[in-house]
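Asker:
Numbering (full-length UniProt numbering), first residue to last: 1 to 130.
(1) Please report the straight-line C-alpha distance between residue 49 and residue 65, rounded to a whole angstrom.
(2) With distances taken from CA atoms, which of 89, 57, 124 is nearest residue 5?
(3) Residue 94: buried (16+ other C-beta within 10 angstroms of its C-beta) or exposed?
(4) State the start and end residues of the unbroken beta strand (DSSP E) segment that holds residue 104.
(5) Is it true that the CB of residue 124 sits closer than 8 Å to the CB of residue 101?
(6) I'd like the span of the alpha helix (DSSP H) that includes residue 33, first residue to last.
(7) Name the DSSP bridge partner or partners of residue 8?
(8) Please classify residue 19 as buried or exposed, where buried requires at least 16 neighbouring CB atoms within 10 angstroms.
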């Protein structure tokens with residue numbers, strides 16, 4: 001206890017600093033600062049717990065943080081399991097011949113009798129003509 005404020009030292013904590021023992025009426029305020037503020041991230045219950053547990057402690061902290069995260073609309077909306085899969089790649093269909101072409105340069109190859117060592121390939125995407 002320091003000036004009427006209770007601190008906790010724990011060998012289980014990752015930090016060697018003392019953890020402030022938080023009274024019941026201050027818990028929501030701390031959680032809002034660490035979870036809802038613009039420079040905080042909605043990084044899930046475990047991430048928020050790790051960030052808060054470095055400096056603060058109260059009995060039932062993990063359960064309190066988990067319940068808070070479950071009731072957060074932003075966390076529920078943007079949770080990875082709620083996102084649609086990207087889907088298959090859609091190949092565009094060409095309307096007419098030679099609208100789109102693919103170009104490739106192949107080489108260097110061993111030099112031919114005519115001093116050539118590169119192959120330049122042009123392909124029409126719609127018809128596959130080379």
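Ideal Cβ positions, reconstructed from N, Cα and C, are used throughout, including at glycine. Keep in mind it's a predicted model, so treat the numbers as computed, not measured.
Answerer: Reading from the atomic positions:
(1) Counting from one through the chain shown, the residue named residue 49 turns up at place 49. Counting from one through the chain shown, the residue named residue 65 turns up at place 65. Roughly 7 Å between the two C-alpha positions.
(2) By 1-based counting over the chain shown, the position of residue 5 is 5. Of the candidates 89, 57, 124, 57 places its Cα closest to the Cα of residue 5.
(3) By one-based count along the chain shown, residue 94 stands at place 94. Per the 10 Å Cβ criterion, exposed.
(4) Position 104 of the chain shown, counting from 1, holds the residue named residue 104. According to the DSSP assignment, residue 104 belongs to the beta strand (DSSP E) that extends over 101-106.
(5) As a first step, residue 101 must be located in the chain shown, where it is residue number 101. As a first step, residue 124 must be located in the chain shown, where it is residue number 124. Closer than 8 Å, so yes.
(6) Residue 33 sits at position 33 when you count from the first residue of the chain shown. First-last of the alpha helix (DSSP H) with residue 33: 27-35.
(7) Taking the first residue of the chain shown as 1, we reach residue 8 at position 8. Per DSSP, 19.
(8) Stepping through the chain shown from its first residue, residue 19 is reached at position 19. Classification for residue 19: buried.
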